[in-house]
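Scroll down for the structure; my scribbles are underneath it.
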Amino acid sequence: MSSLAQTLRPKTLDEVIGQSHLISQGKPLRAALEKDHIFSIIFWGPPGVGKTTLARIIANHLDRDFYEVSAVSAGKKRLQEIVLEAQQLLSPKAPVLFVDEIHRFNKAQQDYLLPYVEDGTIILIGATTENPSFEVISALLSRTKVFTLKPLSSSELLLLLKKVVKHLSITPPLTSDTKEWLINFSAGDARKLLNLIEQTKILFDEVSLENLKKTLQSSAIKYDKDGEEHYDTISAFIKSMRASNVDASLYYLARMVHAGEDPTFIARRMVIFASEDIGLAAPTALVVANAVFDAVTKIGYPEAQINLAHGVAYLASCKKNRSAYDAYFSALADVEKFGNLPIPLNLRNAPTALMKELGYGKNYEMYPDTKKSLLPDKLAKKNYFK
């Protein structure tokens, strides 16, 4: 059974709601299609604004074979299969390869596509929510045209809402408060609006403000990488590792990976955790966490989930020691409170004769008694590291 988003997906540019800066008369994307001109493209924009829809419209309008993959799950083997099929096509028209979340592809995967984009074997259309300047290799970026897509405006979402109401025969009519709430909830994301209405219709039949809010509280709502679920899950993940609960740590990792969370985001938090919570209890934890970060950066999904699981199981199993973390922030609090207190003269650099005469570096001991304070006089009795 097709979802509401799939059923109402526009088939032509004239049916698309939003992105008028690209598809209205005289604008670049429409002008290119009207001339049957095709080139590789990167669509950059937030979720639910029509990146996949535009890719399909382009392929359909130009009568091209269309391949669609997600960079989260597609490995190099799948790319090789598509390239081989493209090379064997009888049609002289190169097929369109649409890569959703292309920023998830690692450098090796992007490098693999490069020669086939360059020689015209495939027409690449990538979709990304991340700045392609940072996430797409420069060689591939230079061979594509980047189009920036915008969130749908309130008026555009109201047009979409009108189509939904008609398609689903929603009765009684939506109140103005319900419409306003839906527009604010959607925040420019058409798919978010469609999914919530569809789920509410299935669960309660009547699409009222009360029922919409009930649906939001149900388990049917997807993980939102910019919303509360995102922060709640990463919080549970960190706290589970802190509690040395390997099972819970791996479970919350699996939830994030399944939802398509950026593997480098997870790995960055693991690097922080290695110093913040494990610290001196197992100094190799930072080495392992950095190795995981390096691995997921090079490999990407789907294989990167194995590197993440390896690192998480290790970090969760380590003993914990926050002494270095606590000591540093205690010292930082004194820096913020007292400012730049005078450094003891014996610790100061003395590159000139005048400085030596003033006592800079005088009586400096390379290996002094460890009980002797080297702090500014005002803090001489402080003991940050426990």
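Residue numbers (this note's numbering): 936 to 1321.
Where a beta carbon is used, it is the ideal one built from N, C-alpha and C, also for glycine.
Rounded to the nearest angstrom, the gap between the Cα atoms of GLN1045 and VAL1071 is 8 Å. Annotation for ALA1288: the continuous alpha helix (DSSP H) segment containing it runs 1288 to 1292. Residue range 1031 to 1035 is occupied by the beta strand (DSSP E) that includes LEU1032.
Within its own chain, the residues whose Cβ lies closer than 7 Å to the Cβ of LEU957, once the five positions on either side in sequence are excluded, are PRO963, LEU964, PHE1082, listed in chain order. DSSP places TYR1186 in the uninterrupted alpha helix (DSSP H) bounded by 1181 to 1193. Shortest Cα-Cα distance from LYS1313 to any of LYS1321, ARG991, LYS1272 involves LYS1272. With contacts defined by Cβ atoms closer than 8 Å, LEU1117 and LEU1096 form a contacting pair. In the structure shown, ALA994 adopts helical secondary structure according to DSSP, grouped into three states. Rounded to the nearest whole angstrom, the CA to CA distance from ALA1217 to THR1079 is 46 Å. Each of THR1287, GLY1235, ALA1202 was checked against the Cα of ALA1248, and the nearest Cα belongs to ALA1202.
In this structure GLN960 is exposed. Its beta-carbon is surrounded by fewer than 16 other beta-carbon atoms within 10 angstroms.
Straight-line spacing of the CA atoms in SER955 and ASP1000 works out to 26 Å. Counting along the chain, TYR1002 sits inside the beta strand (DSSP E) bounded by residues 1001 to 1005. Of the residues assessed, TYR1299 falls on the exposed side of the cut-off, its CB having fewer than 16 other CB atoms within 10 angstroms. Membership of THR1083 in the beta strand (DSSP E) is indicated by the continuous run 1080 to 1083. A Cβ-Cβ contact shorter than 8 Å links CYS1253 with ALA1220. The region 984 to 1003 makes no contact with the region 1134 to 1152: fewer than 3 CB pairs, one atom from each, lie closer than 8 Å. For the region 1010 to 1073, the full-length beta strand (DSSP E) segments reaching 3 residues or more read 1031 to 1035, 1058 to 1063 along the chain. Annotated as proximal: ALA990 and ILE1060, with beta-carbon spacing under 8 Å. ALA1074 is not a Cβ neighbour of PHE978, given a cutoff of 8 Å. Annotation for ARG944: THR988 place their beta carbon closer than 7 Å to its own, counting only its chain and skipping 5 residues before and after. The beta carbons of ALA1239 and PRO1198 sit closer together than 8 Å. Where PHE1200 is concerned, the enclosing alpha helix (DSSP H) starts and stops at 1198 to 1208. The criterion of a C-beta distance shorter than 8 Å is not satisfied by SER1121 and LYS1114. Residue environment analysis places GLN1134 among the buried positions, since at least 16 neighbouring C-beta atoms fall within 10 angstroms of its C-beta. Pairing LEU1109 with TYR1186, the inter-Cα distance amounts to about 40 Å. Under DSSP, ILE977 forms a beta bridge with GLY1061, VAL1081. By the CB criterion at 8 Å, THR1168 and ARG1190 fall inside the cutoff.
ILE952 places its beta carbon less than 8 Å from that of GLU1091. Straight through space, the alpha carbons of LYS1306 and ILE1278 are spaced by roughly 18 Å. For the 8 Å CB-CB criterion, PHE1228 and VAL1206 form a contact. Around the beta carbon of LYS1012, a 10 Å sphere encloses fewer than 16 other beta carbons of the protein chains shown; the residue is thus reported as exposed. Our two residues, PHE974 and GLU1020, have alpha carbons roughly 20 Å apart in a direct line.
At a cut-off of 4 residues, the continuous stretches assigned as alpha helix (DSSP H) that sit fully inside the region 1081 to 1108 are 1089 to 1103.
In this structure, DSSP gives GLY1246 a helical state, which the three-state scheme calls helix. Under the DSSP assignment, SER955 falls in the alpha helix (DSSP H) whose first and last residues are 955 to 958.
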